[in-house]
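Residue numbers (numbering that gives the first Met the number 0), protein chains in the order written: chain A, 0 to 817; chain B, 0 to 352.
Beta carbons: idealized from backbone N, C-alpha and C, even for Gly.
Notes follow the structure.
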Amino acid sequence: MKFTLSWLKDHLKSDESLEQIVDKLTAIGLEVENVDNRSALQPFIIARILTSVKHPDADQLQVLRVETGEKTPVQVICSAVNARAGLIGVFAPFNTYIPGYKKILSIATIRGIKSFGMMCSEHELLLSNEHHKIIDLPADAPVGTSFAIYAGLDDPIIDISLTPNRADCAGVHGIARDLFAAGIGTLKKSRVPAILRNSEKNSVKVRLVSHGKQSPCLGFSWRMVKDTRNGASPQWMQQRLIAIEQCPVNALVDITNYLTFDRCRPLHIFDADKIEGDLAIRQAYDGEKLLALNGKEYTLSSKNCVIADRNGIVAIAGIIGGKNTSCDATTRNIIVESALWNPLSIAQTGREFNIVSNARYRFERGVDPGFMIHGLECATRMICDICGGKPTNAEVICFEEPVERKVLFSFTEVKRLTGLEIPKDKTRSILACLGFKVEDTTEDKIVTVKVPTWRPDISEKADLVEEIVRIYGINRIKPQPFTIDHTILRKPPAFLQSRNARMILAGRGMMEAITWSFISEKMARMFGGGHPDLKLKNPISDDMSDMRPSLLPGLIVAAQRNIAHGLTDLALFEISDVYKGHAPEEQHLVAGGIRHGTAKMTGSGRFWANNAGSVDVFDAKADALAVLASFRISTNGLQIERGTPSWYHPGRSGIIKLSPEVILGYFGEFHPTIREDLDIQGPLCCFEIFINAIPEARKKVKKIRPPLLLSPLQKVTRDFAFVVDRTVPAASIVQATLNADKKLIQSVQIFDHFEGAHLGAGKKSVAIEITIQPFEHTLKDEDFEVLSRKVINNVVKKTNGVLRKDLNINNNNSTRCR
Amino acid sequence: MGSIEILEQKIRSAIDTAESIEDLEVLRVNTLGKKGTLSTPLKRLGSMPKEERKAFGLVLNNLKKHIESLLIEKHKRFKKTMIFQQIERESIDVTLPVRQDPTERGRIHPITQTIDEVITIFSDMGFMIATGPDVETDYYNFTALNFPIGHPARDMHDTFFFNTHENGERKLLRTHTSPVQIRAMEKQKPPIRIVISGKAYRMDSDVTHSPMFHQVEGLVVDSTATIANMMWMLEQFCKTFFEVSSRKIRFRPSFFPFTEPSMEVDIQCDCSSRKVKFGTGHNWMEILGCGMIHPNVLRTCNLDPEIYQGFAWGMGVDRIAMLKYGMPDLRDFFNTDIRWLEHYGFSPLNPST
Chain A
0 MKFTLSWLKD HLKSDESLEQ IVDKLTAIGL EVENVDNRSA LQPFIIARIL
50 TSVKHPDADQ LQVLRVETGE KTPVQVICSA VNARAGLIGV FAPFNTYIPG
100 YKKILSIATI RGIKSFGMMC SEHELLLSNE HHKIIDLPAD APVGTSFAIY
150 AGLDDPIIDI SLTPNRADCA GVHGIARDLF AAGIGTLKKS RVPAILRNSE
200 KNSVKVRLVS HGKQSPCLGF SWRMVKDTRN GASPQWMQQR LIAIEQCPVN
250 ALVDITNYLT FDRCRPLHIF DADKIEGDLA IRQAYDGEKL LALNGKEYTL
300 SSKNCVIADR NGIVAIAGII GGKNTSCDAT TRNIIVESAL WNPLSIAQTG
350 REFNIVSNAR YRFERGVDPG FMIHGLECAT RMICDICGGK PTNAEVICFE
400 EPVERKVLFS FTEVKRLTGL EIPKDKTRSI LACLGFKVED TTEDKIVTVK
450 VPTWRPDISE KADLVEEIVR IYGINRIKPQ PFTIDHTILR KPPAFLQSRN
500 ARMILAGRGM MEAITWSFIS EKMARMFGGG HPDLKLKNPI SDDMSDMRPS
550 LLPGLIVAAQ RNIAHGLTDL ALFEISDVYK GHAPEEQHLV AGGIRHGTAK
600 MTGSGRFWAN NAGSVDVFDA KADALAVLAS FRISTNGLQI ERGTPSWYHP
650 GRSGIIKLSP EVILGYFGEF HPTIREDLDI QGPLCCFEIF INAIPEARKK
700 VKKIRPPLLL SPLQKVTRDF AFVVDRTVPA ASIVQATLNA DKKLIQSVQI
750 FDHFEGAHLG AGKKSVAIEI TIQPFEHTLK DEDFEVLSRK VINNVVKKTN
800 GVLRKDLNIN NNNSTRCR
Chain B
0 MGSIEILEQK IRSAIDTAES IEDLEVLRVN TLGKKGTLST PLKRLGSMPK
50 EERKAFGLVL NNLKKHIESL LIEKHKRFKK TMIFQQIERE SIDVTLPVRQ
100 DPTERGRIHP ITQTIDEVIT IFSDMGFMIA TGPDVETDYY NFTALNFPIG
150 HPARDMHDTF FFNTHENGER KLLRTHTSPV QIRAMEKQKP PIRIVISGKA
200 YRMDSDVTHS PMFHQVEGLV VDSTATIANM MWMLEQFCKT FFEVSSRKIR
250 FRPSFFPFTE PSMEVDIQCD CSSRKVKFGT GHNWMEILGC GMIHPNVLRT
300 CNLDPEIYQG FAWGMGVDRI AMLKYGMPDL RDFFNTDIRW LEHYGFSPLN
350 PST
């Protein structure tokens, strides 16, 4: 909402400076976005060209002597085609900033003759694009005075960002009232003319056609004015409209625009000679069209309320008028209307057609119903003053005089909500200045506050507290500490834990990405999504249409963008939500990551000591297990199985299970089909960990640790090697070994794993080192013998394998101390 | 010159000319060994007269000690040379690089870093952390938060909708994290102190708007919380997070459908250069919105506004991250350009730099 300072002062008698006014506006909730004090045009002076002589050395230039109000004339070189002796124009002395050039004017020597200033074109002052001719003012323009003041270009422009609740401040008068309440100046009595009483009746009738349900028309007042002359509006009105970026059209149109901003009273004027028959307020017929004032054609439906004559629609009610019935230079007889519309209906229609008009802006926020008829009188008065003409009697239909809403209020409410003590008298006076009426009740501390008709936003006590506090001054509230209850000082594990996981993954050389929650349908389908419930109706683009079922598609797309920049070794992760359905419990927190190229944890690319190899399933597995470790889930308790979802390489991926039912995540390389479909080049591996699947009990931090049991006896190690089918999981050998003696065998390490022709087709060799920790007594040879047999038997039974005899493992000799 | 002197000369010159530790060992055995050149005369001592024996013995012992020390000294010299040679042999070019530590390479995204910073400040003030779903209903996103149906305030939120479900329900992507306030008040009786973080979505895309963005907000409900408490708490936050004094913080009346009275908080800043400087300059930068919970919102959650009161605040994480850390374009946050992440991201071990 824009207005000028002089416009404000039409409504507010005030001596406060522009700065004081601006500061107060922001302080009371009318946030000033911008102030244009128009100081840029201050140095420009009205000046007369005394003489004009052709430049001796340039055909296009003239040497002028210019009278600027100083004692001696100034010499100026000028190239304008209309420069001539006697012309009164606009002079800029040197050192003036020229807005049109974005430069400061200096003394110039042009072909040997000095120029001490400039006669300006409209372009140089950014008034228009005219730059061939200098400004040519009427003969009575006062030489030596400020051009800006003469042309009305010195009026500061204030732009406030209006919150949607403040319908009343969409007019300058409302802003003045707020300032007055806040102690800035005095509010001038609004000049609402007396209701015109006239014998002449309207020749145009308006009727409301039933809408079936609730009518969007809450009142309609109108009258005709005959024999008007519609020319340009007065200079002062044009200057104000231009200042707030409203283009002057003609007097009748300008008057409606002016009152819209002056009194927040949207109006419309029809050219009565272009109206056929009477007007009807009705629903549009489906498919009915209107060529609107903005030059666009709209196709309406029964959802939209319109004003129509015999030929069809002449206006979309409360939003925009039609072009064919609008006022132009030839307009003589008019119909002026001032109406009231249901804000919801206006908002719906405005949104449907995306029409942003000054009328819609106000009607959907709620204009003052108490001013509808006064608005018609204001408009009529201005029309008669400016365009002449004979008004007929005003007529009103569908209108009920508004009743002031009542709010029961207690003065203690301000202290209860804000901690601020404001004297009762002050509270009363603030409310009174804003137009509220405070009436005492029979109860001691409770008053009835009558809400003025222009404040649809005030309906209860809290609203009044806001009014009182914002006017009294928010910054007069003294901040008060509140007690911090440390018994509730607990951070839920989920937050802390995903932070740990994030730190761990970044600590493994990965970069955290945040990718879009929505991806393309194609990608969603590839990764198990694409459900219609998770499809956006109005996506911002086709690539962002479906809620992601997995973090991987976003990370792959991100990787590919980087690869296109030649950054091929990359490790990315994200900890965020995926969506399996649209219910709250179907949103799951996941940690996912990918590595591409040679982006190993230890480093990537070529290196003098050891070149990094391609990333593979085990890099992904290590990442996945690191995430689980951050949730204190150790690898020991986990089962790794085959059977990952379709996007994984079935032979190079694994499921991580906590128990047969609980899947914690997946890791692996991508399925060759997915690689082909997504055009993935180079090694790529990934993991997904489902943080929600981790049982809450596992997330709890146990503060007390079990006692540490240290054995006084030495650890010993033994080696074994088995030949098994290549399909036998190494993990089953380890498990079978551990099961051989859970007390003595502390750990099992696979130190060799290979396939070879000499082992037989489809066979592989797995060699393990067992760490044995005796607790009770040092083990004797017989003990080792028993243990070895148990290990071998267990493994052979579990895997159908055989102990490798060819290997030169002599456990008696290989016993090593640790 | 007696025979002892001659012997001494001989041994000395033999030590001088020894070329290795091995030579020296041979010399030691030949000199001091059982059959060494010095041992032989010592054996003769027994057959000497007492007076003579004493004098000769002294001479011989002195000589023996002297030779021993000469041998040790020479041995040390050899040892020194050998170690020197070993060092020479073992020396390598230590200017060769080592692999960069993975913790140096890894990066935390500036948004999660900022969320962490904000949440930590409020956690320390006794706030619990709450989250909620991104896919929301119209009820939680608007109606329960006192957005009247069709009100222009809903227009300010360009909402992403899902297709209407078979059961007639139309879900949407939450346009703010405030629905979590309602969910919290439904679930829990006051006193409530929660801080909420999460993603929100609006159909917007330019330098400072993105269709997906992040918010952190808070909620306090009890029977005494006032604007004065809220101002104190938010001042604490701004002082800690933006490192400015309370004089540089401004509260300004504003409007939100779900708070009444409503305010916005501005921080004084200098916007004259690309990097915004806080606590100085002539501009005010809007940081967050806040206010007392609207009575309608309390009623919706079955809390009597005559008994319960409280306040809520919220801010755009992406925006304050941009302000604090100087990223020029919000859209870059979600582009995952690793050059950008390397530059603007945070090290996991050193997040404050």
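Measure how close the beta-carbons of residue i and residue j come, nearest whole angstrom, since I'm counting them as under 8 Å.
| i | j | result |
| --- | --- | --- |
| residue 476(A) | residue 433(A) | Wrong, their Cβ atoms sit about 19 Å apart, outside the cutoff. |
| residue 283(A) | residue 305(A) | 5 Å |
| residue 662(A) | residue 692(A) | 6 Å |
| residue 303(A) | residue 348(A) | 5 Å |
Taking just the CA atoms, how far does residue j sit from residue i?
| i | j | result |
| --- | --- | --- |
| residue 78(A) | residue 60(A) | 5 Å |
| residue 554(A) | residue 297(B) | 41 Å |
| residue 147(A) | residue 130(A) | 19 Å |
| residue 224(B) | residue 290(B) | 11 Å |
| residue 817(A) | residue 788(A) | Reliability fails at residue 817(A), whose pLDDT of 33 lies under 50, so the model's placement of it is uncertain and the value that follows must be treated cautiously. Taking the straight line from one Cα to the other gives about 23 Å. |
| residue 35(A) | residue 155(A) | 6 Å |
| residue 143(A) | residue 41(A) | 12 Å |
| residue 341(B) | residue 597(A) | 18 Å |
| residue 76(B) | residue 90(B) | 21 Å |
| residue 210(B) | residue 550(A) | 18 Å |
| residue 135(B) | residue 108(B) | 26 Å |
| residue 234(B) | residue 123(B) | 14 Å |
Cβ closer than 8 Å: which chain B residues qualify as neighbours of residue i?
| i | result |
| --- | --- |
| residue 393(A) | Chain B residues near residue 393(A): none, gap ~30 Å exceeds 8 Å. |
| residue 412(A) | Ordered by position in chain B, no residue passes the 8 Å Cβ test against residue 412(A), which lies about 10 Å from the chain. |
For residue i, is the classification buried or exposed, using 16 other Cβ atoms within 10 angstroms of its Cβ as the cut-off for buried?
| i | result |
| --- | --- |
| residue 176(A) | buried |
| residue 794(A) | buried |
| residue 53(A) | exposed |
| residue 160(A) | exposed |
| residue 216(B) | buried |
| residue 842(A) | Residue 842(A) falls outside the range modelled here, since chain A spans only 0 to 817, and no answer is possible. |
| residue 464(A) | buried |
| residue 246(B) | exposed |
| residue 281(B) | exposed |
| residue 769(A) | buried |
| residue 287(B) | buried |
| residue 28(A) | buried |
Which stretch, first to last residue, makes up the alpha helix (DSSP H) that contains residue i?
| i | result |
| --- | --- |
| residue 227(B) | 226–241 |
| residue 2(B) | 2–16 |
| residue 383(A) | 371–386 |
| residue 78(B) | 49–89 |
| residue 398(A) | Note, residue 398(A): premise wrong, no alpha helix (DSSP H); not H, not E. |
| residue 432(A) | 423–432 |
Which residue marks the beginning of the beta strand (DSSP E) containing residue i, and which one marks its end?
| i | result |
| --- | --- |
| residue 665(A) | 662–669 |
| residue 595(A) | 586–595 |
| residue 124(B) | Unbroken run through residue 124(B): none, as it is neither H nor E. |
| residue 578(A) | 569–578 |
| residue 235(A) | Run containing residue 235(A): none in the beta strand (DSSP E); it sits in the alpha helix (DSSP H), 234–242. |
For residue i, go through chain B and note every residue whose CB falls closer than 7 Å to its CB, in chain order.
| i | result |
| --- | --- |
| residue 576(A) | 133 |
| residue 464(A) | 260 |
| residue 516(A) | 133, 198, 211 |
So which residues on chain A does residue i lean against when the C-beta distance must stay under 9 Å?
| i | result |
| --- | --- |
| residue 392(B) | No statement about residue 392(B) is possible, as the shown extent of chain B runs from 0 to 352 and does not include it. |
| residue 344(B) | 505, 510, 511 |
Along chain A, in chain order, which residues have C-beta atoms closer than 8 Å to that of residue i?
| i | result |
| --- | --- |
| residue 332(B) | 513 |
- Can you give me, in chain order, the residues of the region 528–544 of chain A that have a beta carbon less than 8 Å from any beta carbon in chain C? The structure shown contains no chain C; its protein chains are A and B.
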